[in-house]
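Worksheet: one structure, shown below.
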Amino acid sequence: EPEVTQTPSHQVTQMGQEVILRCVPISNHLYFYWYRQILGQKVEFLVSFYNNEISEKSEIFDDQFSVERPDGSNFTLKIRSTKLEDSAMYFCASSVGQAIYGYTFGSGTRLTVV
Amino acid sequence: DQQVKQNSPSLSVQEGRISILNCDYTNSMFDYFLWYKKYPAEGPTFLISISSIKDKNEDGRFTVFLNKSAKHLSLHIVPSQPGDSAVYFCAALINAGKSTFGDGTTLTVKP
């Protein structure tokens with residue numbers, strides 16, 4: 707069964723450093739998303755991406771965050787200058803249609819900022 | 115502002131019995147609702163959805179009920195199996211936009 711692949715599974719970074727989280731969505735999917743879950747809290751929407759541009763973003767997704775689909779297969783989330791409160795599990799998701807059809811999530815990248 | 119709430123953090127049921135997971139929402143603009151299941155160290159997996167124009171949707175052992183007037187939905191699993199033990203999230207959408215998730219309910223199905 708097709709799956710969404712995220713790398714790395716765990717990333718530890720120093721505060722202030724830049725991190726790039728990588729995702730390979732399912733090949734025929736058109737909509738791409740990043741969500742995050744801080745330990746013990748709910749899954750929170752960050753950004754959605756369609757047709758090579760951001761279609762929606764949350765208030766969490768400030769100027770420190772950016773997304774790219776550089777080569778038609780990868781979908782990346784960059785955090786320019788990480789803060790301690792960015793520590794969370796980051797989930798990439800994709801869907802063939804809009805969100806009403808449900809997403810396929812990756813297994814997540816656990817980001818730890820020290 | 116918690117627009118989607120799952121008030122029961124955990125639920126324990128016996129194998130073969132019915133599991134009922136509940137979800138309440140406050141925003142009457144939500145027009146689509148989904149349920150996801152999550153195992154440890156994995157991402158959420160889509161289970162079943164329902165449009166606000168319906169009050170019931172069924173898929174095998176899973177049925178979702180929507181009560182718009184009460185702003186309440188529930189997921190019924192019948193019969194429950196040990197493999198159903200996971201965290202269950204409800205999510206709500208407006209106009210096919212972003213998903214707003216509840217806090218999740220941990221279901222334990224005992225053999």
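So the sequence lines, in the order shown, correspond to chains A and B.
When you read off a place in the first sequence, starting at 1, and then add 706, the result is the number in the working numbering.
When you read off a place in the second sequence, starting at 1, and then add 114, the result is the number in the working numbering.
Just so it is clear, CB atoms sit at the ideal spot from N, CA and C, and this is done for glycine as well.
Inter-residue distance for residue 136/B and residue 736/A is about 31 angstroms (C-alpha atoms, whole angstroms). From the beta-carbon of residue 146/B, the residues of chain A found nearer than 7 angstroms are 806.
Against residue 203/B, the close residues of chain A are 748 and 749, in the order they occur along the chain (beta-carbon pairs closer than 9 angstroms).
Taking a Cβ-Cβ threshold of 9 angstroms, none of the residues of chain A is close to residue 198/B; the smallest such distance is about 18 angstroms. Here residue 790/A carries a helix assignment [DSSP, helix/strand/coil].
In this structure residue 819/A is in contact with residue 789/A, their Cβ atoms being roughly 6 angstroms apart against a cut-off of 8 angstroms.
Look at the segment 196 to 224 of chain B and you find these whole runs of beta strand (DSSP E), each 3 residues long or longer: 200 to 207 and 219 to 224.
The count of Cβ pairs closer than 8 angstroms, one atom from the segment 724 to 736 of chain A and one from the segment 802 to 820 of chain A, reaches three, so the stretches are in contact.
Within the segment 125 to 181 of chain B, complete beta strand (DSSP E) segments of at least 3 residues are found at 133 to 139, 146 to 152, 159 to 165, 170 to 173 and 176 to 181, given in chain order. Residue pairing by DSSP places residue 795/A opposite 743/A and 816/A in a beta bridge. By the C-beta density criterion, residue 174/B is exposed, having fewer than 16 other C-beta atoms within 10 angstroms. For residue 727/A, the uninterrupted beta strand (DSSP E) run begins and ends at 725 to 730, by DSSP. Taking the beta carbon of residue 762/A as reference, the chain B residues within 7 angstroms of it are 211 and 212, listed in sequence order. Under the three-pair Cβ rule at 8 angstroms, the segment 167 to 184 of chain B does not count as touching the segment 118 to 132 of chain B. For residue 781/A, the CB contacts under 6 angstroms within the same chain, skipping 5 residues up- and downstream, are 729, 731, 738 and 775 in chain order.
When the Cα atoms are used, residue 799/A and residue 176/B turn out to be separated by approximately 23 angstroms. Secondary structure of residue 807/A (DSSP, three-state): helix.
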